[in-house]
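For reference, the structure is listed below as structure tokens.
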Amino acid sequence: MATSHSSATSTTPSRNGNGRVTSPDTTPCTSQAPVATPPKRHPHRIYQPAKNSLYDIFQQHAGTALFVRPICWTDLHAQLLGVRWEELPPCDTPQPTISPATPPSRGHLSPSNTIIILSNALTQILLPDPMHPIFTSIAVKTALMRLWPK
Numbered sequence: 001m002a003t004s005h006s007s008a009t010s011t012t013p014s015r016n017g018n019g020r021v022t023s024p025d026t027t028p029c030t031s032q033a034p035v036a037t038p039p040k041r042h043p044h045r046i047y048q049p050a051k052n053s054l055y056d057i058f059q060q061h062a063g064t065a066l067f068v069r070p071i072c073w074t075d076l077h078a079q080l081l082g083v084r085w086e087e088l089p090p091c092d093t094p095q096p097t098i099s100p101a102t103p104p105s106r107g108h109l110s111p112s113n114t115i116i117i118l119s120n121a122l123t124q125i126l127l128p129d130p131m132h133p134i135f136t137s138i139a140v141k142t143a144l145m146r147l148w149p150k
């Protein structure tokens, strides 16, 4: 005994008269969550830095705390980079020397914005007891950016 199913109400595929399988008009509901495939991970590229480059030195000393607050040089930085600091004689006379007969320049009477910013930054650097070391670091950065802009 053959039974017929209406394709409009059926939830399973059925065969029509010519032998073809027809799909239902609606998708059956399932209680299962769709299976998501995890994204494929690409292998990390191994980068070999140039010998004795900063990146190479950082990799060689990966466990060492090279970044310290305030941001400044430590003896370890100088040692790893192979540099040494030399103390120069104090520079306590202005260059060039100003003779008393020379009138002040226009810049002395009305300094530009750059001169004011640079003067304030240098004053902050030379303070005997700065409020916070980060202010000195910011002042150094400001002075260097004014003297050597990008």
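Numbering follows the UniProt record's numbering, with no gaps: position 37 of the sequence shown is 37. For each residue, glycine too, the CB sits at the ideal point set by N, CA and C. This structure is a prediction, so every number in the text was calculated from the model and none was measured.
- If one requires a minimum length of 3 residues, no beta strand (DSSP E) run lies completely within the stretch 59-91.
- Between Arg84 and Ile117, the C-beta gap is not smaller than 8 Å, which leaves the two residues out of contact.
- If you draw a straight line from the Cα of Leu109 to the Cα of Thr102, it comes to about 14 Å.
- Judged by their CB atoms, Thr136 and Pro130 are nearer to each other than the 8 Å cut-off.
- Assignment of Arg106 by DSSP, reduced to helix, strand and coil, places it in the helix class.
- Taking C-alpha positions only, Tyr47 is separated from Gln79 by approximately 25 Å.
- Under the DSSP assignment, Ala139 falls in the alpha helix (DSSP H) whose first and last residues are 133-147.
- Within the same chain, Ala121 come within 6 Å of Thr142 by CB-CB distance, once the 5 residues on both sides are set aside.
- The three-state reading of DSSP puts Tyr47 in coil, since its state is none of H, G, I, E or B.
- In the displayed model, Ala101 falls within coil according to three-state DSSP, outside both helix and strand.
- According to the DSSP assignment, Ala121 belongs to the alpha helix (DSSP H) that extends over 113-126.
- In the assembly as shown, Ala139 is a buried residue. Its beta-carbon has 16 or more other beta-carbons within 10 Å.
- With a contact defined as Cβ atoms closer than 8 Å, Asp56 and Ala50 qualify at about 6 Å.
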